[in-house]
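Enquirer:
Protein chains: 2
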Amino acid sequence: MVDAFSAAAEPNRRRILQLLASRPRTVGEVAAEFPVTRSAISQHLLLLASAGLVAAERHGRQRHYRVLPSGLRKVQAEIDRFWTDELDLLVTDAQLRSKT
Amino acid sequence: MVDAFSAAAEPNRRRILQLLASRPRTVGEVAAEFPVTRSAISQHLLLLASAGLVAAERHGRQRHYRVLPSGLRKVQAEIDRFWTDELDLLVTDAQLRSKT
DNA sequence: CTCATACGTTAGTGAACACTAACGCATCGG
DNA sequence: CCGATGCGTTAGTGTTCACTAACGTATGAG
Chain A
0 MVDAFSAAAE PNRRRILQLL ASRPRTVGEV AAEFPVTRSA ISQHLLLLAS AGLVAAERHG
60 RQRHYRVLPS GLRKVQAEID RFWTDELDLL VTDAQLRSKT
Chain B
0 MVDAFSAAAE PNRRRILQLL ASRPRTVGEV AAEFPVTRSA ISQHLLLLAS AGLVAAERHG
60 RQRHYRVLPS GLRKVQAEID RFWTDELDLL VTDAQLRSKT
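So the protein lines, in turn, are chains A and B.
The first sequence runs 0 to 99 under numbering that gives the first Met the number 0.
The second sequence runs 0 to 99 under numbering that gives the first Met the number 0.
Shown next, in the form of structure tokens:
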């Protein structure tokens, strides 16, 4: 999983990124917001880290994960490159037509 | 793969959607733009169809795939819901700081 | 009709994914 | 010290994915 867009796309990871956007958190803190185990969250965080989207900092026996703006910027760039004018036109055109 | 965002995120499928945005195409026409086999493209198209992003129409022995604006709108909505103000702030703040 | 040919989908495979269970390792109370 | 507790990661498993190879089907030349 090298692609930042794909890494950020998985539903749980989307929410993890949003949580970490407000402030850094430990694995346990993040996991508390989800119905799955700490382990699953830990692995999502490791994957996000391998995609350059988050980084961890040791703090005693905890690990504070935070979002990396550089990785986030990469996601934004890929989203922008994906969402072409042609795709946007299809959406807006269809909406106009449905409002007629 | 129910999630439209995740379905659209895979790099090949991103480009398939862009190709189909300009005009409907057959599986072979799409596959000609990729280094992989028709079969692989066919399966990507089937997955996109199961996510409600594209639909096929039989035309002789060919199948003309086209983008469904309704599905595209779903993707746009999920992207918007994902990309919160907090995430955006992280990116723009970091950019401002780097330009200082 | 019939056989070659082009089109798209199904069968089959190796790798990656998402998850729980078991583990290692610090830290803290006693 | 040292055992218990809490934190995060590795081991193990079933599922899904991305792909090529083989297939079925329908069209078109003769």
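Glycine included, every Cβ here is placed at the ideal spot set by N, Cα and C.
Note that the coordinates shown come from a computational prediction; the quantities given were computed from them, not determined experimentally.
Looking at residue 6 of chain A and residue 52 of chain A, is the spacing between their C-beta atoms short of 8 angstroms?
Expert: Here residue 52 of chain A refers to the residue found at position 53 of the first sequence. Here residue 6 of chain A refers to the residue found at position 7 of the first sequence. Their beta carbons are under 8 angstroms apart, which means residue 52 of chain A touches residue 6 of chain A by this criterion.
Enquirer: Under 8 angstroms between C-beta atoms, does residue 33 of chain B make it to chain A?
Expert: Here the question's residue 33 of chain B lines up with position 34 in the second sequence. No, residue 33 of chain B lies away from the interface with chain A (no Cβ there is under 8 angstroms from its Cβ).
Enquirer: Assuming the contact rule is C-beta atoms closer than 8 angstroms, residue 48 of chain B and residue 65 of chain B should be a hit. Round their C-beta distance to whole Å, please.
Expert: On the second sequence, position 49 is the one that residue 48 of chain B refers to. On the second sequence, position 66 is the one that residue 65 of chain B refers to. 11 angstroms between Cβ atoms; not a contact.
Enquirer: How about residue 10 of chain A: is its C-beta nearer than 8 angstroms to some C-beta of chain B?
Expert: Here the question's residue 10 of chain A lines up with position 11 in the first sequence. Yes, contact with chain B.
Enquirer: Using CA atoms only, rank isn't needed, just tell me which of A:96, A:77, A:95 and A:61 is closest to residue 1 of chain A.
Expert: Against the first sequence, residue 1 of chain A aligns to sequence position 2. Ranking A:96, A:77, A:95 and A:61 by Cα distance to residue 1 of chain A puts A:77 first.
Enquirer: Using a Cβ-Cβ distance cut-off of 8 angstroms, determine whether residue 56 of chain A contacts chain B.
Expert: For the purposes of this step, residue 56 of chain A is taken as residue 57 along the first sequence, with counting starting at 1. Output row for residue 56 of chain A: interface = no.
Enquirer: Using a Cβ-Cβ cutoff of 8 angstroms, what residues of the segment 62-80 of chain A are near chain B? List them in chain order.
Expert: 66, 68, 69, 71, 72, 75 and 78
Enquirer: Which partner residues does residue 66 of chain B have in the DSSP bridge list?
Expert: For the purposes of this step, residue 66 of chain B is identified with residue 67 of the second sequence, where counting begins at 1. Paired residues: B:53.
Enquirer: Please report the straight-line C-alpha distance between residue 73 of chain B and residue 59 of chain A, rounded to a whole angstrom.
Expert: Translated into positions along the second sequence, residue 73 of chain B becomes position 74. Translated into positions along the first sequence, residue 59 of chain A becomes position 60. C-alpha separation (whole angstroms): 43 angstroms.
Enquirer: Count Cβ pairs between the segment 30-37 of chain B and the segment 30-48 of chain A that sit closer than 8 angstroms; are there 3 or more?
Expert: Flag = no, the segment 30-37 of chain B and the segment 30-48 of chain A do not touch.
Enquirer: Quick one: Cα of residue 50 of chain B to Cα of residue 70 of chain B, how far?
Expert: Counting from 1 along the second sequence, the entry for residue 50 of chain B is found at position 51. Counting from 1 along the second sequence, the entry for residue 70 of chain B is found at position 71. Taking the straight line from one Cα to the other gives about 8 angstroms.
Enquirer: My output table needs one value for residue 22 of chain A: the three-state DSSP class, helix, strand or coil.
Expert: The residue given as residue 22 of chain A occupies position 23 in the first sequence. Note: residue 22 of chain A maps to coil in three-state DSSP.
Enquirer: Would a C-beta distance cut-off of 8 angstroms place residue 13 of chain A and residue 81 of chain B closer than the cut-off?
Expert: Along the first sequence, read from residue 1 onward, the residue named residue 13 of chain A stands at position 14. Along the second sequence, read from residue 1 onward, the residue named residue 81 of chain B stands at position 82. Cβ atoms of residue 13 of chain A and residue 81 of chain B: closer than 8 angstroms.
Enquirer: Using DSSP bridges, identify the partner residues of residue 61 of chain A.
Expert: Working through the first sequence from its first residue, we reach residue 61 of chain A at position 62. In DSSP, residue 61 of chain A forms a bridge with A:58.
Enquirer: The alpha helix (DSSP H) that contains residue 33 of chain B, what's its start and end?
Expert: Along the second sequence, read from residue 1 onward, the residue named residue 33 of chain B stands at position 34. Following the DSSP letters along the chain, one finds residue 33 of chain B in no alpha helix (DSSP H), marked with neither H nor E.
Enquirer: How would you list, in chain order, the residues of chain B whose beta-carbon sits under 9 angstroms from the beta-carbon of residue 24 of chain A?
Expert: What you label residue 24 of chain A is simply residue 25 of the first sequence in a count that begins at 1. Ordered by position in chain B, no residue passes the 9 angstroms Cβ test against residue 24 of chain A, which lies about 13 angstroms from the chain.
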